[in-house]
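Notes for the one structure printed next.
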Amino acid sequence: MNALEILLNKRWILKSTERDLYYKVKDQLGPIKKFVNEKLGYQIIMTPNLIKLEKLPGKPEIWMGIGAFTKTIEYGFLCMVLMFLEDKEVEEQFVLSQLTEYIQVNYKAERVDWTFYTNRRHLIRVLKFCVESNLMKINDGSEESFAGDASEEVLYENTGISKYFMRVFPRDIMDFDSPKDFYASEWIDGNEDRGVIRRQRVYRRILMSLGVYRDDEDDDDFLYIKNYRNVIGGELESFLDCSLQVHKTSAYLIVGPESSLGRSFPENNTMSDIILLMCGLVRQQIETEQIKLNIDETIDMTVIEFEALIETCRGRYSANFSKTYRDKTSIEFASLIKREMMWMGLIDIDEENQNVVIRPITGKLSGAYHSKNRGDTEDVE
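Add 78 to a position in the sequence shown, counting from 1, and you land on the number used in the numbering used here.
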């Protein structure tokens, strides 16, 4: 059991639901605390009820957020739920109508009308997330009944865990003017040593991002990685089954076979196969000079050109795809692949200028079908 890996993967470890794991991780916290505090700037919260590693990104990524949420209003509703639970005692019960009334009164961004089905559906997503995260539990009823009728009741119980959901900010967030203020807040009024700040930001980026790229010749973060690659790699390897690979314009944390550190790529599914095939197609076109590399090893093309590349991949390999992907229209297929590659950090899409930037990591990945024996179904290599 790798305690650091578990803490990185989980939001928290609750003694009420994972008692054995709670004590196993607790026993291994000694050497981990110093590493996460000095190298990552993270704090480990330990109470009689939970253990939590406060995880913060080195750089905001498009995939970060709550996957179950679809609209900004759902994050607003989540904040309302956390505020509501703040005034509740542990194991105190409440009914759904108390919560909906509280949201109606206190949600200032817009008027909330629970007679609208969309508003009820947004709240249901939030409630399900809160129950799955053990912020509260259901004693009677179901959230789905609220979808059909705004007057339906559900009986909940506060677990007392909600106060540990949000991070503690070093200063009043009412003074913040933009999302950047939240990102920078932990180093304001705190440790002003720029070297420490950079080190912690670099370690976070290596752990949290699919790749770290050199944005320009004077990129401080990437220069730090190149200069201290052996030290960084050695420290990470001492805690995790991984290795650090640094190239001319990019750096990657490669996880080993024994690792289960978050989401890794490729996964054992058709989507990963398709993305590997896309990467292989990009490499082929670079080798045949159909695509030109920039100095920083990125590739620029229009959205139309990238969609044409996706269609080429689809036309060439779709016979080997699962039925789910074969049945999609060209537009649906292209939209799905673009979204997944963007979320994985393989590409950046500028919707306003209709431009796509293919990241250098595509050069490290490649896939092709091969036949083991004549007549056999082809597999991705």
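Positions of the beta carbon are idealized from the N, C-alpha and C atoms, including for glycine.
Three or more C-beta pairs closer than 8 Å, one from the segment 310-322 and one from the segment 137-154: is that the case here? no
Check whether residue 435 and residue 390 have beta carbons under 9 Å apart: no
Measuring straight from C-alpha to C-alpha, what distance separates residue 443 and residue 272? 35 Å
Cβ neighbours of residue 418 in the same chain (closer than 8 Å, five flanking residues each side left out): 349, 353
Tell me which residue opens and which closes the beta strand (DSSP E) that residue 235 is part of. 233-236
Backbone CA spacing between residue 300 and residue 343 [nearest angstrom]: 22 Å
Identify every residue that forms a DSSP beta bridge with residue 87. In DSSP, residue 87 forms no bridge with anything.
What ranges does the alpha helix (DSSP H) occupy inside the segment 149-235, keeping only unbroken runs of at least 4 residues that lie completely in it? 150-164, 174-184, 195-210, 221-226
Exposure of residue 101, with buried meaning 16 or more beta-carbon neighbours within 10 Å: exposed
Would you check if the segment 192-203 and the segment 250-264 touch, i.e. whether three or more CB-CB distances between them fall below 8 Å? no
Hey, residue 118 and residue 281: beta-carbon distance below 9 Å or not? yes
Touching or not, the segment 221-234 and the segment 160-177, by the rule of three or more beta carbon pairs under 8 Å? yes
Please classify residue 186 as buried or exposed, where buried requires at least 16 neighbouring CB atoms within 10 angstroms. exposed
Would you mind stating whether residue 337 and residue 318 have Cβ atoms separated by less than 9 Å? yes
What does the Cβ neighbour count give for residue 340, buried or exposed, with the cut at 16 atoms within 10 Å? exposed
Cβ-based burial, residue 278 [other Cβ within 10 Å; buried from 16]: buried
If you draw a straight line from the alpha carbon of residue 158 to that of residue 127, how long is it in whole angstroms? 24 Å
Taking the C-alpha atoms as reference points, what is the distance between residue 292 and residue 345? 26 Å
In whole angstroms, give me the CA-to-CA distance for residue 147 and residue 366. 43 Å
Nearest to residue 30 by alpha carbon, out of 206, 238, 426, 229? This structure does not reach residue 30, given that the chain is present from 79 up to 459, and the question cannot be answered.
In whole angstroms, what is the alpha-carbon distance linking residue 428 and residue 215? 42 Å
Cβ-based neighbour list, residue 160, same chain, cut-off 7 Å, excluding 5 preceding and 5 following: 240, 243, 244
In angstroms with no decimal places, state the Cα-to-Cα distance between residue 130 and residue 85. 7 Å
Taking C-alpha atoms, which residue in 387, 237, 217 lies nearest to residue 95? 237
Count the other CB atoms within 10 Å of the CB of residue 351; is the residue buried (16 or more) or exposed (fewer)? buried
From this set, 184, 166, 225, which residue's C-alpha is nearest residue 213's C-alpha? 166
For residue 303, does the three-state DSSP call read helix, strand or coil? helix
Note down, in chain order, each residue of its chain lying with its Cβ closer than 8 Å to the Cβ of residue 420, except the 5 sequence neighbours on either side. 140, 426, 427
Identity of the residues DSSP links to residue 278 by a beta bridge: Residue 278 is not bridged to any residue.
Ignore the nearest five residues each way along the sequence and tell me which others in residue 414's own chain have a CB closer than 6 Å to its CB. none
Is residue 229 closer than 9 Å to residue 287 when the C-beta atoms are compared? no
Inter-residue spacing [alpha-carbon to alpha-carbon] between residue 115 and residue 108: 12 Å
State the start and end residues of the unbroken beta strand (DSSP E) segment that holds residue 323. 320-324
From residue 105 to residue 135, what does the alpha carbon distance come to, in whole angstroms? 26 Å
Give the secondary structure of residue 433 by DSSP, where H, G and I count as helix, E and B as strand, and everything else as coil. strand
Under a three-way DSSP split, which group does residue 360 fall into? helix
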